[in-house]
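Here's the structure we're looking at; comments come further down.
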Amino acid sequence: MTAVTHVFFDIGGVLGTNGWDRVQRAAAKAKFGLGEEFESRHVEIVAEWEIGRLTLDEYLDFAVFHCPRSFTREEFVGMMLAQSQPFATIVDLAARVSAAGRVQLFTLNNESEALNVYRIERFGLRPIFDAFLTSCWIGIRKPSPLMFERALGIAQVKAADALFIDDRERNLVPARAIGMKAHLFDGDASRLAAALSVAGAL
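The working numbering puts the first residue of the sequence shown at 1, with every later residue one more than the last.
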């Protein structure tokens, strides 16, 4: 891998736990006694929520509070947020890359605005990254190639000079297709550090 000037990190699954994926929703279903209708309603509306066309309250109105519940909205949101935990080793690695000053750092992830803002703060990402390129603000979700093209445009970098890190191969495919370098994060911090070093970021 030749040296790059820009590195793009996914958040959920790389810098920390996923925000509201299957595992998190399953925990909510178990805790609050939600039936299968919750999952089908989530699937129906999640794309609009993650590209910023719906607020958290609008998502909850449709997916959860479309009928009387024995729990409050505040209790449900508290449970949603509590599931977000940083991967300290990877956040520290990103901080080392930032401190080295050899590349510009961005996040590139799918997330609703409310969860994304909370996770940026909870994981301590604001001092590390130059900008947060998230589906809720970009208006597109990975793995759409347009998401990557817009990210490169915003960062003003050529694809060949950018490295994208994600934990899902399907998100790396379009990045590679437009010429970006890509690293599949498998939970191995040392392997990621080695890839960053080879890319000239450390």
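All C-beta atoms in this analysis are idealised placements derived from N, C-alpha and C, irrespective of residue type, glycine included.
Going by Cα to Cα distance, which pick from the options is closest to residue i?
i, options, result
"A94", "F8, T2, A182 and A3", "F8"
"S112", "H6, T2, A193 and D21", "D21"
"G200", "S190, L146, L163 and L54", "L163"
"D92", "H66, G124 and L133", "G124"
"Y118", "T2, T5 and G19", "G19"
"A182", "A155, S190 and F148", "F148"
For residue i and residue j, what's the separation of their Cα atoms in angstroms?
i, j, result
"Y59", "A131", "26 Å"
"Q24", "E37", "16 Å"
"T17", "R176", "24 Å"
"V82", "P174", "One point to set straight first is that residue 82 is Ala, not Val, in the sequence displayed. Each residue's Cα considered, the two are about 32 Å apart."
In this structure, how does DSSP classify residue i when only helix, strand and coil are distinguished?
i, result
"I120", "helix"
"G78", "helix"
"I203", "Coverage of the chain is limited to positions 1 through 202, which leaves residue 203 absent and any answer about it impossible."
Please state whether the Cβ-Cβ distance between residue i and residue j is less than 8 Å.
i, j, result
"A159", "L152", "yes"
"S135", "E50", "yes"
"H42", "A27", "no"
Taking its Cβ as the centre, do 16 or more other Cβ atoms sit within 10 Å of residue i, making it buried, or is it exposed?
i, result
"Q104", "buried"
"T72", "exposed"
"T107", "buried"
So, is the C-beta of residue i closer than 8 Å to a C-beta in chain E?
i, result
"E36", "This model lacks chain E altogether, as it is built from one protein chain only."
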